[in-house]
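Sequence lines, in order, name chains A and B.
For the first sequence, our numbering begins at 1 and goes up steadily by one.
For the second sequence, our numbering begins at 1001 and goes up steadily by one.
The beta carbon of each residue, even a glycine, is placed where N, CA and C say it ideally should be.
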Amino acid sequence: MAVTHYELIILGAGPAGLTAGLYAARARMNHLLIEKGAEGGQILLTDWVDNYPGFPDGISGFDLAEKMAAQAKRFDLNSMFGNVTSMDLTQKQKRLELDDGSVKTCDTLIICTGARPRPLGIPGEKELTGKGVSYCATCDAPFYRNMHVAVVGGGNTAVQEASHLTKFADKVTLIHRRDELRATKILQEKAFANPKLEFIWDSTATKIDGTDGVEAIHLLEKSGKESVLKVDGVFVLIGVVPNNTMLPLDLLKADAGGFIPTDIETRTTVAGVMAAGDIRSKEVRQVINAAGEGATAVLAAEHYLNNLS
Amino acid sequence: MASDIVKDLSDADFDSVISSDTPCLVDFWAPWCGPCKAIGPVVEALAKEYEGKANIVKMNVDDNPATPGKFGIRAIPTLILFKSGEKIDQVTGAVGKDQIKELIEKGL
């Protein structure tokens, strides 16, 4: 079995991992970045990014991902596609086993595995995923030309993507469990001014109906009143859950939600192991934070390596 | 997404390509879909890996509305595996390489 050792392994190639890769490559560290799916992470699900500085006209999520990857690769980023099948962080030399049968060891590890959209967990959701239930408005909005869709959620993602959906759908109904949105003000202003966008407040989704495609969504109002809304699609945008399946959660003292706590330098409870981006236990999950934490994590890794005797 | 190994299918040649008894994986994508572009390299790598064993092709849903409509596709990327003209199974979303492999293996 091939065993290869690195000073630094970075897990995940979203904004945090790609920034860590950029810093590691420029520091000429003996490094490896492992990505299981697609470079870019969750920004690939975003139609447009208007709050990442340096792009005065905004930039599409995909283009931003591509530019981040290209920038790291300009400095000889060493990256591969692969899945970690097991992980041992109890020793000084951290050990990862991959699905290609290889074993990678490292002195320092930066966990940037990120998060993914949180499912509602209601009947019909799983069965109708890809058949009208979607977690990516950017990907799927054009399939809903002249139709009526529901968006569940009230944060930035939900409100921004609901506005995006109105470019295609005739009517978009945003369903939110509170009586006001959490989304940033400029997004709210845009949403309230949009004639194709309607709001249902103080309501949760309880069930999605349909056989070959979504037909309706069942709602429960805070008052106890139940109703059924006929829709052709349901976009679920209610936050995220961590990508933590391969992580030793007890050792890393994961929080109740499964996210990894760190200090301000992104150091976890395990020496030589850092966490950056959406996998970190924190309040704010923005592209800019993820990128910043990726940089911080590499500097913490370098510091740790310098003190290794 | 320009690639030599993953051939672009159209509505017109769809039936003839999927009717083969060699398993055929169709990657339904569009230029405006970030995750579709992102899984492109994974699909390409698998096309090389399964060369001779499975036929891996892609279809632009913007240029070819009939076929996605026929299969009720409402989300992309969607990958559908066909064998002898029959749909075997499908996956939706920017899934990992292992999940796509699992899908292809169902037809081998």
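If you measure between the beta carbons of residue i and residue j, is that distance less than 8 Å?
i, j, result
"isoleucine 34(A)", "valine 152(A)", "no"
"glycine 1034(B)", "phenylalanine 168(A)", "no"
"isoleucine 279(A)", "threonine 113(A)", "yes"
"glycine 272(A)", "glycine 294(A)", "no"
"isoleucine 1088(B)", "leucine 1081(B)", "yes"
"isoleucine 1073(B)", "glutamate 1044(B)", "no"
"proline 1077(B)", "cysteine 1024(B)", "no"
"glycine 130(A)", "alanine 1075(B)", "yes"
"serine 163(A)", "asparagine 194(A)", "yes"
"leucine 229(A)", "isoleucine 110(A)", "no"
"glycine 1107(B)", "serine 1019(B)", "no"
"proline 119(A)", "valine 234(A)", "no"
"threonine 1092(B)", "alanine 1054(B)", "no"
"glycine 258(A)", "leucine 249(A)", "yes"
"glycine 1096(B)", "glycine 37(A)", "yes"
"histidine 176(A)", "aspartate 232(A)", "no"
"tryptophan 1032(B)", "proline 142(A)", "yes"
"valine 84(A)", "valine 3(A)", "no"
"asparagine 1060(B)", "aspartate 1011(B)", "no"
Return the bridge partner residues of residue i from the DSSP annotation.
i, result
"glutamine 1090(B)", "Ile1080(B)"
"isoleucine 34(A)", "Leu11(A) and Met80(A)"
"arginine 95(A)", "Asp88(A) and Thr105(A)"
"cysteine 1024(B)", "Asn1055(B) and Phe1082(B)"
"phenylalanine 235(A)", "Ser134(A) and Val151(A)"
"leucine 247(A)", "DSSP, once it has assigned bridges, lists no residue as partnering leucine 247(A)."
"threonine 129(A)", "Val133(A)"
"glycine 210(A)", "Val214(A)"
"proline 242(A)", "Ala115(A)"
"histidine 5(A)", "Thr105(A)"
"lysine 171(A)", "His148(A)"
"phenylalanine 259(A)", "DSSP output for phenylalanine 259(A) lists no bridge partner at all."
"alanine 205(A)", "Leu219(A)"
"phenylalanine 199(A)", "Leu174(A)"
"aspartate 50(A)", "The partner list for aspartate 50(A) (beta bridge, DSSP) is empty, contrary to what the question assumes."
"isoleucine 275(A)", "Note that residue 275(A) corresponds to alanine in the displayed sequence, not to isoleucine. Alanine 275(A) pairs with Ile111(A)."
"isoleucine 59(A)", "Val49(A)"
List the residues of chain B that residue i touches, going by C-beta distances under 9 Å, in chain order.
i, result
"cysteine 139(A)", "Ala1030, Trp1032, Cys1033, Gly1034, Pro1035, Cys1036, Ala1075, Ile1076, Pro1077, Gly1093 and Ala1094"
Is there a Cβ from chain B that is less than 8 Å from the Cβ of residue i?
i, result
"aspartate 99(A)", "yes"
"glycine 12(A)", "no"
"proline 15(A)", "no"
"leucine 45(A)", "yes"
"phenylalanine 55(A)", "no"
"glycine 277(A)", "no"
"proline 242(A)", "no"
"proline 123(A)", "no"
"glutamate 143(A)", "For the sequence presented, residue 143(A) should be read as phenylalanine rather than glutamate. So yes, phenylalanine 143(A) belongs to the interface."
"isoleucine 111(A)", "no"
What does residue i reach in chain A if we use C-beta pairs closer than 7 Å?
i, result
"aspartate 1098(B)", "Asn83 and Asp99"
In chain A, which residues lie with their C-beta within 9 Å of the C-beta of residue i?
i, result
"valine 1017(B)", "Going along chain A, no residue has its Cβ under 9 Å from valine 1017(B), so there is no contact; the nearest lies around 22 Å."
"valine 1042(B)", "Gly37, Ala38 and Phe81"
Does residue i get closer than 8 Å to chain A when you measure Cβ to Cβ?
i, result
"isoleucine 1039(B)", "yes"
"methionine 1001(B)", "With a pLDDT of 43 at methionine 1001(B), under the threshold of 50, the predicted position of this residue should be treated as unreliable, and no value is reported."
"serine 1020(B)", "no"
"leucine 1046(B)", "no"
Taking residue i and residue j to be in contact with their CB atoms under 8 Å, please state how far apart those CB atoms are, rounded to whole angstroms.
i, j, result
"threonine 166(A)", "valine 159(A)", "No, threonine 166(A) and valine 159(A) are not in contact; Cβ-Cβ is about 11 Å, not under 8 Å."
"glycine 82(A)", "leucine 64(A)", "Not quite, the Cβ-Cβ distance comes to about 24 Å (not below 8 Å), so this is no contact."
"leucine 219(A)", "alanine 205(A)", "6 Å"
"threonine 105(A)", "leucine 305(A)", "Between leucine 305(A) and threonine 105(A) the Cβ distance is about 14 Å, and since that is not below 8 Å, they are no contact."
"aspartate 76(A)", "alanine 16(A)", "Going by Cβ atoms, the distance from aspartate 76(A) to alanine 16(A) rounds to 20 Å, so no, they are not a contact pair."
"lysine 270(A)", "leucine 89(A)", "Checking the displayed sequence, the identity of residue 270(A) turns out to be valine instead of lysine. With a Cβ gap of about 5 Å, valine 270(A) and leucine 89(A) count as contacting."
"lysine 207(A)", "proline 123(A)", "5 Å"
"glycine 210(A)", "leucine 128(A)", "5 Å"
"alanine 1047(B)", "isoleucine 1056(B)", "4 Å"
"asparagine 146(A)", "aspartate 170(A)", "5 Å"
"leucine 32(A)", "methionine 80(A)", "7 Å"
At 8 Å on the CB atoms, spell out the chain A contacts of residue i, in chain order.
i, result
"glycine 1110(B)", "There is no way to answer for residue 1110(B), as the model of chain B reaches only from 1001 to 1108."
The ligand HEM and residue i: does any heavy atom of the ligand fall closer than 7 Å to the residue's C-beta?
i, result
"valine 133(A)", "Questions concerning the ligand HEM fall outside what the structure shown contains, since it holds no ligand whatsoever."
Residue i versus chain B: which residues are under 7 Å apart at the beta carbon?
i, result
"phenylalanine 192(A)", "Correct list: empty, because the minimum Cβ distance to chain B is about 26 Å."
"glycine 61(A)", "Gly1034"
Show which residues of chain B have a CB atom less than 8 Å away from the CB atom of residue i.
i, result
"serine 134(A)", "Arg1074 and Ala1075"
"glycine 239(A)", "Near glycine 239(A) there are no residues of chain B at all, since even the closest Cβ is about 18 Å away, more than 8 Å."
"glycine 233(A)", "Arg1074"
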